[in-house]
Structure formats: structure tokens, C-alpha cells
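>
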Amino acid sequence: MTSLQPISENSSLVTFQPETNQVDVTSNFSTNLILTTVNDFFQWSFLSSLWPLLYGTSCCFIEFAALIGSNFDFDRFGLVPRSSPRQADLIITAGTVTMKMAPSLIRLYNQMPNPKYVIAMGACTITGGMFSTDSYSTVRGVDKLIPVDIYLPGCPPKPEAIIDAIVKLRKQIAQKSLTNSFIENKQKIYSVKHSSKLSKPIHTGLYLESQKRLFPSKKFSKALALILVYNQTYVYTN
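Sequential numbering from 123 applies to the sequence shown in the working numbering.
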């Protein structure tokens, strides 16, 4: 602290003279103050309180339900499941996404406030899984509908893998800036992240009426004929 004292009685000038009992304020900075930035404080508070919206459509969701128990205790990560997309900042898609459910998923994602994040859980969510070859109603990857931040492969993934995906998402959030967290969702490009190749269109609407479904292929017919001939000769010889 300082005090103002005049130089002389007839003078109006004043000078600064330190008091003898000056308090050293800087000595208590390390115990009473935290030096940080607004960006670091925002990211620290945000990544410690992720509120997920659970979008479970198939068997992968059962593995996520195991996290609620005391064995894994996902509450220690600050996760609070919400039933409303307007109160959630993380959506976890687990299971098969069909064509009829795709508009509902997009609507839920659009209702979530920014910044928002997506974890694609399971093979069926990421690429369509075992339904990706001949299914007429399965979406081949949820990243065709909404942008995905973390891919969690498995059929189904273990609860430990889900925790690892959440930890990776927390690290990803900690490296982002405050400004980009609100605008990057609008700049994301909806594209296929997994490798694919060009092929004939599958969604023709005539899948159930195709000749391949009504009649077996030539290779299968020949193999079946050989089995029948072999069985008949085996019966005749015996």
C-alpha cells in the first residue's frame, strides 16, 4: 500500500511514499489464485460434464447399459444421461440404423445445442455390419447422416472400450478452442470415412423381387446337384 504526502506545507505537489507495513500480496498467489485463460476454463468445465443422449437400436446398447452399474461407474466421468436432445451435448449411436429411423436421428442431432459431439458405437453403426451387403433398409454408416467424432468398432464393443472412447473424446475436446467449438459443427463435411468401392446401386426397391432371391445361383445349383448325386451313389453302393 502507498500513501500520499505533500513535500512541504506551502507546496501543492504530492509524492508517493511507501508505507513501512507494506503487505506482500504476490506471496499468496499460488494458494489463492488460479492463472488460466477463458478457453482453458471453458474446455475443462465442458469435458468434465458431458451429458449423453443414448440412441440405442440394437444389441450394442446392452454393453453401454453395463456402464451404469457399480462395476464400471460411468458417473465418475461426469456423464449424466438425458432423455431430451435439448439438454444433451453428446449422442451415442449404438446399433443398426434403418432408412425409416434415419430422419429421426437427424432430427435429434439438429435439436442438440452447440457444441455437440457424436460417438458411433458398433460395426452396424459404422458400416452397416452384417447388414451392409444385401439389406434393403440399413444405412451403410451413420456418418452418411450426421458427422461423427469418435468411431468405436466392435460387435459389440466391451464396456472398457466405451470408456476408452469417452476418454479420447475428452482429449479431443481439450485441444479445441472456444470459438471453433461453436462453429465447427456447421463446417463439418458429411462424407464416408471408411474405404469403399463403386458398385451397382442396391436400393432399387426390387430387392425382394430379384431373381437372385427367387432362384439359387448357378454355382449353388451345381454344388447342390453334386451333393445329391453323391448321396444317391452312396445309397446305391451300400
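Glycine is no exception: its CB is placed at the ideal position from the N, C-alpha and C atoms.
(1) Which residue from CYS277, PRO203, SER192 and ILE295 puts its Cα closest to that of THR218?
(2) Going straight from the alpha carbon of SER206 to that of THR255, what length do you get?
(3) Ignore the nearest five residues each way along the sequence and tell me which others in ALA188's own chain have a CB closer than 6 Å to its CB.
(4) What is the DSSP secondary structure of ARG198, counted as helix, strand or coil?
(5) Quick one: is ASP195 buried, meaning 16 or more other Cβ sit within 10 Å of its Cβ, or exposed?
(6) Quick one: Cα of ILE268 to Cα of TYR231, how far?
(7) Nearest-angstrom Cα distance between ASP286 and LYS222?
(8) Identify which residue in ARG198, SER192, PRO203 and ASP197 has its Cα closest to the Cα of GLY178.
(9) Considering just the uninterrupted stretch of the alpha helix (DSSP H) at VAL289, what are its terminal residues?
(10) Expressed to the nearest angstrom, what Euclidean distance is found between the alpha-carbon atoms of LEU212 and ALA245?
(11) From GLN233 to SER192, what distance separates their C-alpha atoms?
(12) At least one CB of chain D closer than 8 Å to the CB of SER180: is that the case?
(13) Between the alpha carbons of LEU172 and LYS344, how many angstroms are there, rounded?
(14) Indicate the three-state DSSP secondary structure (helix, strand or coil) for TYR239 in the structure shown.
(15) Determine the burial state of MET243: buried for a count of at least 16 other Cβ atoms within 10 Å of its Cβ, exposed for fewer.
(16) Buried or exposed: which applies to LYS238, given that a residue is buried once 16 or more other Cβ atoms fall within 10 Å of its Cβ?
(17) Name the residue from GLN294, TYR258, LEU201 and LEU175 whose alpha carbon lies nearest to the alpha carbon of ALA216.
(18) Give me, in chain order, the residues of the same chain whose beta-carbon lies closer than 8 Å to that of GLY250; leave out the 5 immediate sequence neighbours on both sides.
(19) What does DSSP give as the partner residues of ALA216 in its beta bridges?
(20) Note the first and the last residue of the continuous alpha helix (DSSP H) segment covering ILE268.
(21) Which residues in the same chain have their Cβ closer than 6 Å to the Cβ of THR247, if we skip the five residues on either side of it in sequence?
Looking at the coordinates:
(1) Numbered from its first residue, the sequence shown carries residue 218 at position 96. Among CYS277, PRO203, SER192 and ILE295, the Cα nearest to that of THR218 belongs to CYS277.
(2) As a working note, residue 206 is residue 84 in the sequence shown. As a working note, residue 255 is residue 133 in the sequence shown. In this model, SER206 and THR255 are separated by some 34 Å (Cα to Cα).
(3) Within the sequence shown, residue 188 is the residue found at index 66, counting from 1. Closer than 6 Å at the Cβ level, and outside the excluded window around ALA188, lie PRO281.
(4) Taking the first residue of the sequence shown as position 1, residue 198 is located at position 76. It is helical.
(5) Residue numbering aside, residue 195 sits at position 73 when the sequence shown is read from its first letter. Exposed.
(6) Against the sequence shown, residue 268 aligns to sequence position 146. Against the sequence shown, residue 231 aligns to sequence position 109. Those two C-alpha atoms are separated by around 7 Å.
(7) Position 164 of the sequence shown, counting from 1, holds the residue named residue 286. Position 100 of the sequence shown, counting from 1, holds the residue named residue 222. So the alpha carbons of these two residues sit roughly 31 Å apart.
(8) Your numbering for residue 178 matches position 56 in the sequence shown. Here the closest residue by C-alpha is PRO203.
(9) As a first step, residue 289 is located in the sequence shown; it is residue number 167 there, counting from the start. In the DSSP assignment, VAL289 falls within the alpha helix (DSSP H) that extends over 281-296.
(10) Translated into the one-based positions of the sequence shown, residue 212 becomes position 90. Translated into the one-based positions of the sequence shown, residue 245 becomes position 123. Rounded to the nearest angstrom, the two C-alpha atoms are 19 Å apart.
(11) Working through the sequence shown from its first residue, we reach residue 233 at position 111. Working through the sequence shown from its first residue, we reach residue 192 at position 70. So the two alpha carbons sit approximately 31 Å from each other.
(12) Checking the listed chains, one finds no chain D in this structure; it contains a single protein chain.
(13) Within the sequence shown, the letter at position 50 stands for residue 172. Within the sequence shown, the letter at position 222 stands for residue 344. If you take the alpha carbons of LEU172 and LYS344, they lie about 58 Å apart.
(14) If you number the sequence shown from 1, residue 239 lands on position 117. TYR239 falls in the strand class under three-state DSSP.
(15) The residue given as residue 243 occupies position 121 in the sequence shown. Its Cβ being crowded by 16 or more others within 10 Å, MET243 is buried.
(16) Locating residue 238 in the sequence shown gives position 116, counting from the first residue. So LYS238 ends up on the buried side.
(17) Here residue 216 refers to the residue found at position 94 of the sequence shown. Checked all of GLN294, TYR258, LEU201 and LEU175; the closest Cα to ALA216 is LEU175.
(18) Here residue 250 refers to the residue found at position 128 when the sequence shown is read from its first residue. Excluding residues within five positions, the ones whose Cβ falls inside 8 Å are THR218, SER257, THR260, VAL261, ARG262 and GLY263.
(19) Here residue 216 refers to the residue found at position 94 of the sequence shown. By DSSP's assignment, ALA216 forms a beta bridge with GLY178 and MET243.
(20) The residue given as residue 268 occupies position 146 in the sequence shown. That residue, ILE268, is in no alpha helix (DSSP H); it is neither H nor E in DSSP.
(21) Here residue 247 corresponds to residue number 125 of the sequence shown, with the count starting at 1. THR215 and VAL264, listed in sequence order.
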